[in-house]
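Input: a single structure, listed below in structure tokens.
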Amino acid sequence: MKNTQFEEARKRHWKIMGEALVKNLTDKGFDAVYTGSAEEALEKILDLIPDGASVGVPGSVTIREVGAMEALEKKGCSVIHHWDPSLTGENRLQRLQDELLADFYLTSCNAVTRDGMIVGIDGNGNRVSGMAWGKNTIIFVIGMNKVVGSIDEAVSRTRNTATPPNAMRLNMTLPCTKAGRCVDCNSQERVCRALLILERATGGRKSHVIMVGESLGF
Ligand code: SF4
Numbered sequence: 188m189k190n191t192q193f194e195e196a197r198k199r200h201w202k203i204m205g206e207a208l209v210k211n212l213t214d215k216g217f218d219a220v221y222t223g224s225a226e227e228a229l230e231k232i233l234d235l236i237p238d239g240a241s242v243g244v245p246g247s248v249t250i251r252e253v254g255a256m257e258a259l260e261k262k263g264c265s266v267i268h269h270w271d272p273s274l275t276g277e278n279r280l281q282r283l284q285d286e287l288l289a290d291f292y293l294t295s296c297n298a299v300t301r302d303g304m305i306v307g308i309d310g311n312g313n314r315v316s317g318m319a320w321g322k323n324t325i326i327f328v329i330g331m332n333k334v335v336g337s338i339d340e341a342v343s344r345t346r347n348t349a350t351p352p353n354a355m356r357l358n359m360t361l362p363c364t365k366a367g368r369c370v371d372c373n374s375q376e377r378v379c380r381a382l383l384i385l386e387r388a389t390g391g392r393k394s395h396v397i398m399v400g401e402s403l404g405f
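Residue numbering for the sequence shown follows my numbering, starting at 188 and increasing by one per position.
In structure tokens, the structure reads:
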């Protein structure tokens, strides 16, 4: 059973850190807010995305954990994603492309620095592409467990903290799923192939960030 006093202290710490981070993200061109829970984050997502919009969701555990897929479908949005085991070959590639072209691109990241830079790593490169550019609006939903002090720490987090459990979720056998940390492998199945650092919100689109005072995703 969780100790509520400890939980409360953690929440207070994250709120102070999160509000400072929101200011830094805002200075870097992101439209950022802090929310105290997954439920509040979901409310914010539903406020930002109008009924009937199309929403591309790449491989993000966070978006699923906050319950956004079902809630968006319930309000008549078309949710486009590729986590459908029946998708293969050309159909799967087309779905990846369709995610990128939706009205909204809804995702998380692998790390965010305290001074407001967002970092993601990818195997196919679809998610980092969608994070970097699109005519659509991007919404990042990021748990406070992903906040780090520097770009070096962010890169380390993507490889040592995010990737091994993510590969385990996919039932992959990689050097990091055995070692529990990155060994900079040369595996055919290596999932770390494209690394993106968003130093500022990119041009030509609206970029929202919803920070969440919970541990979400990997
Ligand atoms: S480079 Fe290889 S060992 Fe390192 S995290 Fe990526 S897949 Fe795992």
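For glycine and all other residues, C-beta sits at the position ideal for the given N, C-alpha and C.
- Nearest Cα to Val299 within the set Ala258, Ser337, Asn373, Thr324: Ser337.
- With 16 or more other Cβ atoms from the protein chains shown falling within 10 Å of its own Cβ, Ile267 counts as buried.
- Residue ranges of uninterrupted alpha helix (DSSP H) with 4 or more members, entirely inside the stretch 314-386 and ordered along the chain, are 338-343, 350-356, 362-366.
- By the C-beta density criterion, Ala341 is buried, having at least 16 other C-beta atoms within 10 angstroms.
- Taken through DSSP and simplified to helix, strand or coil, Leu293 comes out as strand.
- By the neighbour-count criterion, in which a residue is buried when 16 or more other Cβ atoms sit within 10 angstroms of its Cβ, Gly307 is buried.
- Annotated as proximal: Pro351 and Arg368, with beta-carbon spacing under 8 Å.
- Approximately 24 Å separates the beta-carbon atoms of Ala255 and Leu280; this is outside 8 Å, ruling out the contact.
- A buried status is given to Phe327, since no fewer than 16 other beta-carbon atoms sit within 10 Å of its beta-carbon.
- Where Gly239 is concerned, there is no enclosing beta strand (DSSP E), because DSSP gives it neither an H nor an E.
- Secondary structure in the stretch 232-268: the beta strand (DSSP E) runs of 3 residues or longer, each lying completely within the stretch, are 241-244, 265-268 in chain order.
- Taking the C-beta atoms as reference points, Gly330 is found no nearer than 8 Å to Lys198.
- Two segments are said to touch when three or more pairs of C-beta atoms, one from each, lie closer than 8 Å; by this definition the stretch 282-292 does not touch the stretch 354-368.
- A distance filter of 6 Å between CB atoms and the heavy atoms of ligand 1 selects the following residues in sequence order: Arg346, Thr350, Leu361, Pro362, Cys363, Cys369, Val370, Asp371, Cys372, Ser374, Arg377, Val378, Cys379.
- The three-state reading of DSSP puts Gly276 in helix, counting H, G and I together.
- In the three-state reduction of the DSSP assignment, Gly303 falls in the coil class, being assigned neither a helical nor a strand state.
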